[in-house]
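Be aware that the sequence shown starts at 165, since it is given in my numbering, and climbs by one per residue.
We put the beta carbon where it would ideally sit given N, CA and C, even for glycine.
Because the structure is a prediction, the values reported are computed rather than measured.
For reference, the structure is listed below as structure tokens.
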Amino acid sequence: MCTSLKRLGQHCQSAGNADCIGELTTTTTTTTTTTTTTPFDYFQCEKETIKCCPSPFKYEKTSKKCFGVIKLDRSATNPYTNQGIYDQCPTESQPATIESAPENEFLGVVTVTDLTNTFTNSGGLLPVGYGAVIGLRIPEDMPYTVGQYRGNRDAFKWIAPSRTSYENWYSTQPLDDMGHETVVALVSWLGDWKYKWGDVAPNNIGYVACVMEPKHQN
165 MCTSLKRLGQ HCQSAGNADC IGELTTTTTT TTTTTTTTPF DYFQCEKETI KCCPSPFKYE
225 KTSKKCFGVI KLDRSATNPY TNQGIYDQCP TESQPATIES APENEFLGVV TVTDLTNTFT
285 NSGGLLPVGY GAVIGLRIPE DMPYTVGQYR GNRDAFKWIA PSRTSYENWY STQPLDDMGH
345 ETVVALVSWL GDWKYKWGDV APNNIGYVAC VMEPKHQN
């Protein structure tokens with residue numbers, strides 16, 4: 165240590181104070197920039213759903229997600245196939261995975277009684293007595309013959325995996341009584357089918373239920 169200090173002193177004498185480590189008067193300050201992210205204002209979504217969910221989506225407060233029911237366009241690409249239906253969910257949304265009773269009822273809730281109303285009414289998302297395909301289906305890579313999966317609920321898988329074990333099948337479903345019933349629909353009120361699920365063929369359904377993350381609209 166002593167030898168090192170002597171050498172340092174000799175260096176200072178020969179180099180002058182400006183270059184002497186022991187005499188430096190300039191200090192270097194490291195600046196750290198901290199970025200803070202404002203928490204998403206879910207409360208605003210509850211007050212003004214349109215602020216967080218583009219039409220026709222509406223905000224479901226228990227899941228903090230936007231759900232919408234879309235009328236199927238049968239002139240779209242492959243409209244009578246599973247994928248052709250799912251592809252009609254708008255950009256940034258996907259076929260709905262339903263993980264709780266509040267989510268299920270939010271989609272199926274009935275506040276209108278006129279069967280001629282369409283999904284654009286001011287009441288429930290789904291017209292009374294109609295069904296909407298949800299993101300539960302027999303995977304396309306599984307073999308299928310008519311009646312093969314009758315009564316086999318485990319054969320149906322969510323497109324986006326569920327974090328819960330929630331399900332709401334009608335007591336006799338899946339039945340595959342019409343054949344090729346490879347997708348699942350949630351039915352708005354119709355007798356004892358209230359908010360229940362049943363398997364259905366992709367060419368025998370008129371709506372698809374979609375979900376997306378909320379975001380404040382400009």
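Determine the DSSP secondary structure at ILE302, reduced to helix, strand or coil.
In the structure shown, ILE302 sits in coil (DSSP, three-state: anything other than H, G, I, E or B).
For the stretch 305-320 against the stretch 243-258, are there 3 or more C-beta pairs whose distance is under 8 Å?
No: the two stretches stay apart, fewer than three of their Cβ pairs being nearer than 8 Å.
Can you give me the C-alpha to C-alpha distance between THR226 and ASP363, rounded to a whole angstrom?
Answer to the nearest angstrom: the Cα atoms are 26 Å apart.
Our contact map puts LYS229 next to GLU331 with C-beta atoms below 8 Å; I'd like the distance itself, whole angstroms only.
Between GLU331 and LYS229 the Cβ distance is about 18 Å, and since that is not below 8 Å, they are no contact.
Can ALA240 and CYS374 be called in contact, C-beta distance under 7 Å?
No; because the gap between Cβ atoms is not below 7 Å, this pair is not in contact.
Counting C-beta neighbours from all protein chains within 10 Å, is the total for PRO338 16 or more, i.e. buried, or is it exposed?
Buried, by the Cβ-count rule.
Roughly how many whole angstroms lie between the Cα atoms of TRP353 and LYS379?
Rounded to whole angstroms, TRP353 to LYS379 spans 30 Å at the Cα level.
Over the uninterrupted alpha helix (DSSP H) stretch that includes GLU331, give me the two end residues.
From DSSP, GLU331 is part of no alpha helix (DSSP H); its letter is neither H nor E.
Are the Cβ atoms of GLU263 and ARG327 separated by less than 7 Å?
Result yes, Cβ atoms of GLU263 and ARG327 sit closer than 7 Å.
Ignore the nearest five residues each way along the sequence and tell me which others in ILE369's own chain have a CB closer than 8 Å to its CB.
Same-chain partners within the cutoff: LEU236, ILE249, GLY295, ALA296, VAL297, VAL347 and ALA349.
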